[in-house]
Amino acid sequence: MKKFIFILVALAFMACEKTIFVGGTVTDHQSGDSIEGLDMGLYAASPEFDYENKKWSDLELIARGTTNNDGFFSMEIDAETNMSHYIFYFPLPTIDTLSANAKYRYSSSYETDFLTPDYSKESEFRLERSSSIQVKLINFTQEQIEMRFADGAVRIHSLNYLANLSYKKLLAGQKYIFDFFEVVDFENQKEQLNYLGSTSHFIKTQLPEDGDKVEWFMPWQIIEIDYNTLERRLLD
9 MKKFIFILVA LAFMACEKTI FVGGTVTDHQ SGDSIEGLDM GLYAASPEFD
59 YENKKWSDLE LIARGTTNND GFFSMEIDAE TNMSHYIFYF PLPTIDTLSA
109 NAKYRYSSSY ETDFLTPDYS KESEFRLERS SSIQVKLINF TQEQIEMRFA
159 DGAVRIHSLN YLANLSYKKL LAGQKYIFDF FEVVDFENQK EQLNYLGSTS
209 HFIKTQLPED GDKVEWFMPW QIIEIDYNTL ERRLLD
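Just add 8 to wherever you are in the sequence shown, counting from 1, and you've got the working numbering.
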């Protein structure tokens, strides 16, 4: 009986040796915060894979894992898996606008380890926020406006009153307060900001226009803000 148990333990140990765990930590490129609840995948591609126009249809999912509250994920793979330059970590595509995977996307614009995976679990992956926001101001007559939101601000210098916030990358699925100020005496270098009012808007989560592209862009989301609807609030 003891011999039989020893054999079972030995077989179990040998089975464990056939797999290993790989992974890393995923963070928000803008804030540096860890991203929880993100589904990550390990993908294999053929040697003919198009690096410039990456498509999901040209990738094979090998393993997957979900990030915890520290942004850490791990996945079990065959110990003999060759982690060559034809193996990639990517966030899984999704059709669920409530998921973290719809709020973030892979971007080759930033230096990441997505294309250089290894057997370590110490790698850090930075994801870009998927939102692309354009603000259109209506019934504003001031010559120059400063709009403040979250931890950012933007100056609008022309009466065209259009501002692209794509470089600020507001996080989809959240509500933000926008505070507006008139910039006066700017030409005399005696700048003064007169508070005009505030409004709040929810940033919608959208899905990519082309679902087969790994590196995708969210469609432009246009937010219209009418001067006549601004409300006064107590500023911090």
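Glycine included, C-beta positions come from ideal geometry on N, C-alpha and C.
**OP:** Pull up the distance between the alpha-carbon of K52 and that of A110, whole angstroms please.
**Re:** Inspection of the sequence shows that residue 52 is occupied by Ala rather than by Lys. If you take the alpha carbons of A52 and A110, they lie about 22 Å apart.
Original post:
Can you tell me whether DSSP reads T237 as helix, strand or coil?
Top reply: Residue state, collapsed to three classes: helix.
**OP:** Return the Cβ separation of F133 and Y97 in integer angstroms, given the expectation that the two are a contact with Cβ distance under 8 Å.
**Re:** 6 Å
Original post:
Pick from N236, L238, F29, F210: whose alpha carbon is nearest that of S131?
Top reply: F29
**OP:** Look at the Cβ atom of F186, then the Cβ atom of T213, and state whether they are nearer than 9 Å.
**Re:** no
**OP:** Could you say if the segment 140-152 and the segment 162-181 meet the contact criterion of at least three C-beta pairs nearer than 8 Å?
**Re:** Below 8 Å, enough C-beta pairs join the segment 140-152 and the segment 162-181 to call them touching: three or more.
Subject >> Sequence-distant residues of its chain with Cβ nearer than 6 Å to D234 (five each side left out) >> reply: If you ignore the 5 residues before and after D234, its C-beta comes within less than 6 Å of the C-beta of I146, N147, all in its own chain and listed in chain order.
**OP:** With a cut-off of 8 Å on the beta carbons, I'd call L201 and E154 a contact; round off their distance for me.
**Re:** 6 Å between Cβ atoms; contact.
Original post:
To which residues of the same chain is E232 closer than 7 Å at the C-beta, ignoring the five residues directly before and after it?
Top reply: K144, I146
Original post:
Grouping DSSP H, G and I as helix and E and B as strand, with all else coil, what is N61?
Top reply: coil
Original post:
What three-state label does DSSP hand N147 in the structure shown?
Top reply: coil
Original post:
Hey, I211 and Y169 are a contact pair by Cβ (cut 8 Å); roughly how many whole angstroms apart?
Top reply: Actually they are not in contact, since the Cβ atoms of I211 and Y169 sit about 20 Å apart, beyond 8 Å.
Subject >> Inter-residue spacing [alpha-carbon to alpha-carbon] between D66 and I95 >> reply: 12 Å
Original post:
the ligand NAP heavy atoms versus the CB of S138: any closer than 8 Å?
Top reply: Annotation note on the ligand NAP: not contained in the displayed structure, which lists no ligands.
Subject >> Buried or exposed (CB count within 10 angstroms, at least 16 for buried), I103 >> reply: exposed
Subject >> Neighbourhood of I43 by C-beta, 7 Å cutoff - its chain only, sequence neighbours within 5 removed >> reply: Excluding positions up to five away in sequence, the list reads V34, T35, D36, T75, G79, A108, Y112, L135.
Original post:
Between E217 and W228, what straight-line distance do the alpha-carbon atoms span, to the nearest angstrom?
Top reply: Within the model, the alpha-carbon separation for E217 versus W228 is close to 11 Å.
**OP:** Closer than 8 Å by C-beta to S82: which residues in its own chain qualify, once you throw out the five before and the five after it? Chain order, please.
**Re:** Within the same chain, S82 has close Cβ partners F29, V30, G31, G73, K129.
Subject >> 7 Å Cβ shell around Q38 - same chain, five flanking residues per side excluded >> reply: Sequence-distant partners of Q38 (beyond 5 residues in either direction) whose C-beta falls short of 7 Å from its own C-beta, in its chain, are R137, K177.
Original post:
Using the C-alpha atoms, what's the distance from E190 back to E151?
Top reply: 8 Å
Subject >> Proximity below 9 Å, CB of A246 to CB of M226 >> reply: Since the displayed the chain opens at 9 and closes at 244, residue 246 lies outside it and no answer follows.
**OP:** Please name the residue or residues paired with I95 in a DSSP beta bridge.
**Re:** A52
Original post:
DSSP three-state call for D104: helix, strand or coil?
Top reply: Coil.
**OP:** Take K221 as the anchor and find which of E199, P99, R163, N90 has the nearest alpha-carbon.
**Re:** Ranked by Cα distance from K221, the options E199, P99, R163, N90 are led by P99.
Original post:
Under the rule that 16 or more other beta-carbon atoms within 10 Å means buried, what is L46, buried or exposed?
Top reply: buried
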